[in-house]
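Below: the structure, in structure tokens.
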Amino acid sequence: MRTSEIRSRWLDYFAANDHEIRPSVSLVSPEPSILFTVAGMVPFIPYILGTEKAPWPRAASVQKCIRTNDIDNVGRTTRHGTFFQMNGNFSFGDYFKEGAIDYAWDLLTGSREEGKYGLDGDRLWMTIWEEDQVSFDHWTRVIGVPAERVQRLPFAEISWSTGQPGPAGACCEIHYDRGPAYGPDGGPVADTAGDRFLEIWNLVFDEFIRGEGEGHDFELIGKLDQTAIDTGLGLERLAFIMQDKPNMYEIDEVYPVIAAAEAMSGKTYGRGAAGPEAGDAYLDDVRLRVVADHVRSALMLIGDGVRPGNDGRGYVLRRLIRRAVRSMRLLGVGEATLPTLLTASKDAMKASYPELETGWATISDVAYAEEEAFRRTLAAGTTILDTAVASAKQEASASGRGRPIVPGKAAFELHDTYGFPIDLTLEMAAEQGVEVDEPTFRTLMEEQKERARADARAKKAGHTDVRVFQDIEKQMGGGSEFLGYTESAADASVTGLLVDGAPAPVATAPAEVEVILDRTPFYAEMGGQLADHGTIRLADGGVIEVHDVQAPIAGLSVHRGTLTEGTASLGERAYAEIDTVRRLAIARAHTSTHMVYAGLRNVVSEDATQAGSENSPARLRFDFRHGTALTGGQMDDIEALVNDKVAENLPVTTEVMGLEEARASGAIALFGEKYGKQVRVVTIGDGFDRELCGGTHVPSTGHIGRVALLGEGSIGSGVRRIDALVADSAYGFQRKEHALVSQLSTLVGGRPEELPGRVEGLMARLKEAEKKLAAAEQAALAARAGEIAKSAARAGEYLLATASLGAVGSADALRALALDVRGRLPESEPVVVAVAAEANGRPLVVVATNPAARTQGARAGALVRTAAKTLGGGGGGKDDVAQGGGQDPAAIPAALTAVSAALTA
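Our numbering applies: residue 156 is where the sequence shown begins, and numbers increase by one.
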């Protein structure tokens, strides 16, 4: 049975049993605290935790998942993989243990003719909590499973929780006996490796409230008001059982990539089945599995909108592609591989995910561009890393300290300058028997990132445990009523008051407070729109100046501000009023953002999808996914189109409708955003732009006035940013531009429309002057070549010519001089030339050797590293010519002396 059929049978079965069938959410997790969707239950977390009411009593799905915490084990075993599919069925206060068990048994063992899986019930074993008598009785008395096949475990070994106080429950795991070829008899308790008694389905019974504690060391302090069922069946695991394959790498959705890699490399998969003792055959198997897994994961991530980058999700994708490409190189394939491998994976997966075919042009463009970029990175970085490894070995040998270590600073420079990822540095260094000072690397990386991260933490997270807000919402009987679409001020009651992150009955000025109101006109920051500012005036005379509003849980607005006068008390009446000038300015920017996005889609491509935005007073920032820079003409066209629509004074309307109806109307959903069943659609004009959006907007585009695009640039691989000014700021920018053009026209002596030609002429004359200057400098250096050659002197067995040349224009001039001097000295002599100079305030050194010198053992690359080390830097190159640099120009004489010393040593 093909994997796609196993998938469809699951959905059909639960649909027939009155479950709401939910589509897989994006691999980009809807939970902001998680990079990826790591389990089938992730989209349902709010319903399980009780922070949101479930729209349906029962649901089922087949969820795409990514886990990369054990990426280094992928390929080394046949059980680890990064992408997988989790079949799940869920109940929110509906059926509980008995119902979940009945569904599981019926679907697993029911006949294939009836659309079920037809597994042999005699091969199924269960593990349950030792105190779960309800499950034990149901399995043994109702289902009829022999008691010896229902094994009991302590709660710590068979339970689930969120890892913090909140819901928890025992599990019931269903295992399939694959037979004696895979391990010992005795059930799952005896088969600790889990290869014979393979866990295929886990039923989680959420019924308890857990207390504080680490891991499984916590107390059960009560029962939930509403129980929940959360189950997960591994689709790939069931597939390799039903396809009679030994592991997930050989099922129909994975193996075609291995077959393609075999054909490209000439390797044969399976020859390393004996494990590490099989030597190179085992390593080949590992690499083929890495390729199969990582190519599939990259395919699915790109299909869900992730783009390669240097942090977060983008870095995970980049790492997956790079590991796959490098594994193919280690298998002996040097040319581009993804055009073959990614296509094979797409063809294997499209039966389950038809959108891979429709989005193939974009997916392949992104993947192929990343492979090509990495091939260039490998070429540049490998040389530098090899130099660092050789230096580490040399230093370790000289000092006798044992295992060589590449300095953390060198690893950081590889990452920062060449884009060489640390995991690749660690992997390649280890292959050469060298360690890397990873702690120092991590410290340098952390120093680079800490300021931005600290700013973000302070703004978003505050200092409050989210459970406090959950308790307040529960006491309120729901969240805050938002009035801000139609009202700028409102009467309200204080339903929550916090000081220093802790609930308080009263606060006295001056104090920083967090206030929850039962109804509010304040917009909480979300969807790229900044929060409202304003004032909350309290009945007893207190005044709170609000400077931020956040929604730590859905629907609950938390007003952060300074209590400047009087006191604030829980339950007190209040009058909340926003800063309407700021609100209008932000609304102009927000509507402008929608219009810029529409202009981008119209002018550039419908595939240019939103990756983020920020709407602040007077300006906007719009991030989008696109593989190449926009041209100046495209930017002009976007700006012109947007301002034409502004001038048309198009109406901006909003409508609440069902999610599916909104999508059918052409409304665009923000990538990675989570939506309920009812959504708000914002439409500009007669469909110029239509998006799902909860933000505030101007009533018509004429209120914007003007939009001025400032520029466009890359903020990461495949992600670009447009910055723009709005309204008065746009007019002010244009006034300054006009003044600047007038000033430049006066300076060059022409009319404004003649500026491009005049400036182009000036640039051409400047380049010509630079060429003449460089030629004069080269001639001056060449004139010294004879003098330097004549100064050559013996250094041990070699004829050595050295010179310190002062300032030069470029390294190329210095290199040409070294080769010129080498050519003037006799070929019969072992000649070494070392010349050094200063360029742009930094020292440069070039070493050249002739064939006779190389026969004697002189290597230009090694000699230049010796000189560059004295200069406080590094370098490398070939045996015949190499160059390096450093930090200290004053050390040039010492560097040349070091070359002489190395030749006479």
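Just so it is clear, CB atoms sit at the ideal spot from N, CA and C, and this is done for glycine as well.
Separation of ALA1037 from VAL1001, as counted between CA atoms: 6 Å
Residues sharing a beta bridge with LEU999, DSSP: ALA992, GLY1040
Residue nearest to LYS501 in terms of C-alpha spacing, selected from MET455, THR1004, PRO339: MET455
Where THR650 falls: helix, strand or coil (DSSP): strand
First through last residue of the alpha helix (DSSP H) which encompasses LYS629: 621 to 631
Range of the contiguous alpha helix (DSSP H) that encloses LYS922: 910 to 945
Supposed close pair ALA991, ILE1047 - CB separation, criterion 8 Å: 5 Å
VAL471 versus LEU1026 - alpha carbon distance: 37 Å
Nearest-angstrom Cα separation, counted from GLY236 out to ASP448: 6 Å
Cβ-based neighbour list, ALA453, same chain, cut-off 8 Å, excluding 5 preceding and 5 following: LEU472, LEU475, ILE476, ALA479, LEU497, ALA522
Three or more C-beta pairs below 8 Å linking the region 349 to 363 and the region 377 to 390: yes
PRO322 versus GLN306: straight-line alpha-carbon distance, rounded: 24 Å
Proximity of PRO985 and GLN1011 at Cβ, strictly below 7 Å: yes
Stretch-stretch touch, CB-based, cutoff 8 Å, three pairs: the region 565 to 583 with the region 530 to 543: yes
VAL881 beta carbon less than 7 Å from that of ARG743: yes
Cutoff 7 Å; reference ARG674; Cβ partners in own chain excluding five residues on either side: SER635, GLU636, LEU638, ALA645, ALA647
Secondary structure of ASN804, DSSP reduced to three states: coil
Best match in ALA524, ALA664, ARG426 for proximity to THR719 [C-alpha to C-alpha]: ALA664
Within the region 256 to 308, ranges of the beta strand (DSSP E) (whole runs, at least 3 residues): 279 to 284, 305 to 308
Integer-rounded CB distance, given that ALA694 should sit under 8 Å from ALA723: ALA723 to ALA694, Cβ: 10 Å. No contact.
VAL297, buried or exposed, once every other Cβ within 10 Å from all chains shown has been counted against 16: exposed
Pick from ALA503, SER768, LEU493 that is closest to ILE518, judged by C-alpha positions: LEU493
Within 7 Å, strictly: CB atoms of GLN898 and LEU825: no
Residue of GLY349, TYR437, GLU908 minimising C-alpha distance to TRP280: GLY349
Distance CB(ARG692)-CB(ASP703) smaller than 7 Å: no
Buried or exposed by the 16-neighbour rule on C-beta atoms within 10 Å, applied to TYR331: buried
HIS688 classed as buried or exposed, judged by whether at least 16 other C-beta atoms fall within 10 angstroms: buried
Cβ separation of PHE779 and ALA763, assumed to be a contact under 8 Å, to the nearest whole Å: 5 Å
Reference GLN603; option with closest CA among ASP466, GLY487, ARG920: ASP466
With 16 other Cβ atoms within 10 Å as the buried cut-off, status of GLY996: exposed
Through-space distance from PHE596 to LEU579, alpha-carbon basis: 13 Å
Beta-carbon spacing of GLY696, GLY726 below 7 Å: no
Close-in-space but distant-in-sequence residues of the same chain around VAL621 (CB under 6 Å, 5 per side omitted): PRO707
LEU263 versus GLU175: straight-line alpha-carbon distance, rounded: 20 Å
Minimum C-alpha distance to ASN798 - residue among LEU917, ALA956, ALA885: ALA885
Beta-carbon spacing of LEU847, ALA822 below 7 Å: yes
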